[in-house]
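To start, the structure itself, in C-alpha cells.
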RNA sequence: GGAGAGAUGGCAGAGUGGUCGAAUGCACUGGUCUUGAAAACCAGCGUACAGCAAUGUACCGGGGGUUCGAAUCCCUCUCUCUCCGCCA
C-alpha cells in the first residue's frame, strides 16, 4: 500500500511509472487526495470540538467538587450538544479513512524507474544466461515419464487421495525432495539467514500484510472457520508477517523458511500444468529480508547473486530476467526471475522470483524503524525463492538422465546419499 | 470437551468514574562523577493523525453502550493463561 503523503509528493512521477504496469492512476490519485483533504479538514473541526468538550468536562468536575451543581447543569447541556456535533464529524472522519484505505489498497506498487516497458512475460529482459544447454541421450524423456519409470512420483495416487496438482513423492523421489529442501536451507543459513519453520496457515491480517488479501483472495485456499484462515501460498506470508506492527532497530533482518505452498491456480491448463510444472501444493524454500530503505537495492543484487550461486552449484543452465512492467506483481517494485532449462521438455521454467517491495508491504504491515532523527520510517522488505522445488526437480532429472540412470549433482550427493537413481 | 482467571507502555507491574497517556521498577538514551569502566546521581524515554510551530486529538486486546466525563461501569467479540479430561 502506498502512503498517501508519498502520493501527494510524487504524484506526477508515480502516474508516469504506473503506466509501466499498464495503469492510468491519474483520476484515482486526484480522488484519493481530494478525500484526504476532506479528511484533514474534518479532523481539524472535530479536534477543536473535542478539545472544547474535554475542557467542559473538567470544569464540570471542578464545579461538583466546589458544590456548584446548578452551574454545572448548565454546562452539561452545552457539553451534550458539543458531543452530538463531534460525533457526527468523527463518524464522517472514520468513513473517509475507510474510503481512502479502500482506494489505496487497490493501487499496485510503483515500479522502479529501471523497469523495462512491456505487457507480458514475452517482454521480460534477459540479463544473463549461464551454463550450456545439455545434449541429451537418444530417446530422452520429460520428467513426468521419468518419475514413473524410476518410481519417483505417483501422480495418480495424488489424484486419488486429493486431486490434480497434489503429487505423491515416493522412494528415492521422496528422498530427493527432502535432500533439496535441506540443501537449500543449508545454503541460505550459510549466507547468514536464520531458519524458521512457520505455520502453514495464516489469519486474514497476515494475508493483508503481504498484499494477498483482499485483492487476490481467489488465488488462496480458504479454511472456513470463525476467524478466517488461509493456507499459505508462500512462506513469504507468515515470515514477513513476523514483523507486522514491529519497530525494528537492526538491519538487515534475514530469514529463511521451508514450507509447502498452496495455490488455487484457477485457469491454468495444458502443458503449463503437466507433471510438476504447476501444482496446487508444492515445496519451496524462501528467503526474506527487512532492510533500510537506502540499502534495499544493494540487497536485492546480493539476493540475486545468492540464488545464482545455488543454481551454479546444481549445474543447471539458467537465465536471469528482469520483469517488464506488465509482468511485475502487484506488490513488487522490481523483480528478477530465474528460469532453468528443462531439457526433457525443451523449455525454460521459472524457479525463483526475487523482488524488492520497497515500503509497499511495510506500510501495510506497519513495519518501521527509527531513523537518525528518531523519526519512525517504513522499512523495505524483499524476498526471493531459494528455491522452488518442483521445477528444479523436473530440470534436474531431465537434464541428468543417462543410459545408466539419473545422475545426482555433486553438491546434492551428501544430502541424497546416492549419486545415481537407477 | 469441562471449570476458572486474565489482556495496561520494550518488559515487569500499579491504577475500579474526573487532577490518568497512565505510578513504580527494569531496560534503553544523554549527562555528572571516574584514568577508564561499574556503581551512584540528574535528565530524557509509546504510537498515529492534524498543525510552520506552540499545541490539539485519538489510542490501556477489538467493537459497541452508559455518563458532562471511562483504563476504571455495562454488552459483545477475539486472544492468552491455569486446572481437569483426551491426545502426537
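Residue numbers (this note's numbering): 1480 to 1901.
All C-beta atoms in this analysis are idealised placements derived from N, C-alpha and C, irrespective of residue type, glycine included.
Beta-carbon contacts of residue i that lie in its chain and below 7 Å, excluding the five residues immediately before and after
i, result
"residue 1790", "1797, 1817, 1819"
Under 8 Å between C-beta atoms of residue i and residue j
i, j, result
"residue 1828", "residue 1873", "yes"
"residue 1806", "residue 1599", "yes"
"residue 1480", "residue 1584", "yes"
"residue 1894", "residue 1658", "yes"
"residue 1677", "residue 1736", "yes"
"residue 1856", "residue 1690", "no"
"residue 1761", "residue 1861", "no"
"residue 1759", "residue 1645", "yes"
"residue 1769", "residue 1716", "no"
"residue 1744", "residue 1824", "no"
"residue 1556", "residue 1539", "no"
"residue 1812", "residue 1836", "yes"
"residue 1664", "residue 1764", "yes"
"residue 1536", "residue 1558", "yes"
"residue 1651", "residue 1897", "yes"
Residue i versus residue j - alpha carbon distance
i, j, result
"residue 1903", "residue 1692", "The chain is shown only over 1480 to 1901; residue 1903 falls outside these bounds and no answer can be derived."
"residue 1520", "residue 1496", "30 Å"
"residue 1786", "residue 1853", "35 Å"
"residue 1719", "residue 1846", "10 Å"
"residue 1778", "residue 1696", "30 Å"
"residue 1572", "residue 1565", "10 Å"
"residue 1881", "residue 1614", "10 Å"
"residue 1766", "residue 1863", "5 Å"
"residue 1541", "residue 1505", "54 Å"
"residue 1756", "residue 1575", "45 Å"
"residue 1603", "residue 1597", "7 Å"
"residue 1498", "residue 1601", "18 Å"
"residue 1886", "residue 1879", "5 Å"
"residue 1611", "residue 1738", "31 Å"
Residue burial classification, residue i (beta-carbon count within 10 angstroms, cutoff 16)
i, result
"residue 1483", "buried"
"residue 1577", "exposed"
"residue 1784", "exposed"
"residue 1851", "exposed"
"residue 1822", "buried"
"residue 1870", "buried"
"residue 1586", "buried"
"residue 1515", "buried"
"residue 1706", "exposed"
"residue 1606", "exposed"
"residue 1437", "An answer regarding residue 1437 cannot be provided, because it is not within the stretch 1480 to 1901 covered by the chain."
"residue 1655", "buried"
"residue 1637", "buried"
"residue 1639", "exposed"
Other residues of its chain near residue i: CB distance less than 8 Å, five sequence neighbours each side excluded
i, result
"residue 1512", "1483, 1486, 1487, 1490"
"residue 1883", "1899, 1901"
"residue 1531", "1561"
"residue 1680", "1702, 1708, 1709, 1710, 1711"
"residue 1523", "none"
"residue 1699", "1686, 1691, 1692, 1709, 1710, 1712, 1741, 1742, 1743"
"residue 1592", "1496"
"residue 1528", "1561, 1564, 1565, 1568"
Beta-carbon separation (whole angstroms), residue i vs residue j, contact threshold 8 Å
i, j, result
"residue 1631", "residue 1649", "7 Å"
"residue 1814", "residue 1832", "6 Å"
"residue 1582", "residue 1510", "7 Å"
"residue 1803", "residue 1621", "Wrong, their Cβ atoms sit about 29 Å apart, outside the cutoff."
"residue 1772", "residue 1838", "7 Å"
"residue 1792", "residue 1890", "4 Å"
"residue 1733", "residue 1672", "4 Å"
"residue 1843", "residue 1688", "5 Å"
"residue 1525", "residue 1580", "No, residue 1525 and residue 1580 are not in contact; Cβ-Cβ is about 18 Å, not under 8 Å."
"residue 1775", "residue 1859", "4 Å"
Same chain, Cβ closer than 6 Å to residue i, five either side skipped, listed in chain order
i, result
"residue 1493", "1589"
"residue 1548", "none"
"residue 1794", "1888"
"residue 1754", "1622, 1623"
"residue 1721", "none"
"residue 1751", "1757"
"residue 1609", "1797"
"residue 1546", "none"
"residue 1724", "1845"
"residue 1730", "1770, 1771"
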